[in-house]
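Report on the structure given below.
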Amino acid sequence: MRKKQQGLAAVELSLVLPVFFLITFVIIEFSVALYNKAIITNASREAARAGIVLKSPKLTTAQIQSVANNYLGSNLITFGSSVTPVVSVTQGGGGLFGTPLTVQVSYQYSTMILGGILHVVDNPINLSATTVMLNE
Numbered sequence: 065m066r067k068k069q070q071g072l073a074a075v076e077l078s079l080v081l082p083v084f085f086l087i088t089f090v091i092i093e094f095s096v097a098l099y100n101k102a103i104i105t106n107a108s109r110e111a112a113r114a115g116i117v118l119k120s121p122k123l124t125t126a127q128i129q130s131v132a133n134n135y136l137g138s139n140l141i142t143f144g145s146s147v148t149p150v151v152s153v154t155q156g157g158g159g160l161f162g163t164p165l166t167v168q169v170s171y172q173y174s175t176m177i178l179g180g181i182l183h184v185v186d187n188p189i190n191l192s193a194t195t196v197m198l199n200e
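Note that the sequence shown covers residues 65 to 200 in our numbering.
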């Protein structure tokens, strides 16, 4: 009986290990995507808040975009990807009191490991966040 079971542990390991690694990498990939989604949301909030604060003169569209890009540059996990986030700013009424300011941030997150292996998820995943605040 003992001779028939020699090598059984190696066979079991070779069957279980790939599934374990696949599950581990799927968890890591989606964790990074969710983290990036939170960073994009925070960047749009930071930029919108900077744009609506009561001060003279008001920030320009380029300055508001710069606030978002600075936040993204220091916090977004890109793994060296050449894809850059797109920040668009829409100011209703020229920034007058009570008019809306909309900041939208979009980013295409490409999965690192699972992109070629797993086609269940879209690759790249489009992440976006929109924040609307009223000017002070």
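Here a beta-carbon is modelled for each residue, glycine too, at the ideal position from N, C-alpha and C.
8 angstroms or more divides the Cβ of Val151 from the Cβ of Gln172. If you check the CB distance, Pro188 and Ser170 do not come in under 8 angstroms.
Residue burial is scored here from C-beta neighbours: Asn199 has at least 16 other C-beta atoms within 10 angstroms and is therefore classed as buried. For Val196, the CB contacts under 6 angstroms within the same chain, skipping 5 residues up- and downstream, are Pro164, Thr166 in chain order. Each residue's CA atom was taken as its position, placing Val96 and Asn139 some 12 angstroms apart.
Taking a C-beta distance under 8 angstroms as the contact criterion, Ser174 and Ser192 do not qualify as a contact pair. One thing to note: Tyr135 has its Cβ no nearer than 8 angstroms to the Cβ of Asn100.
Secondary structure of Val151 (DSSP, three-state): strand. Val90 has its alpha-carbon roughly 17 angstroms from the corresponding atom of Asn190. Per DSSP, Pro164 is one residue of the beta strand (DSSP E) stretching across 164-173.
Ile141 carries a coil assignment under DSSP once its states are collapsed to helix, strand and coil.
DSSP places Thr105 in the uninterrupted alpha helix (DSSP H) bounded by 72-116.
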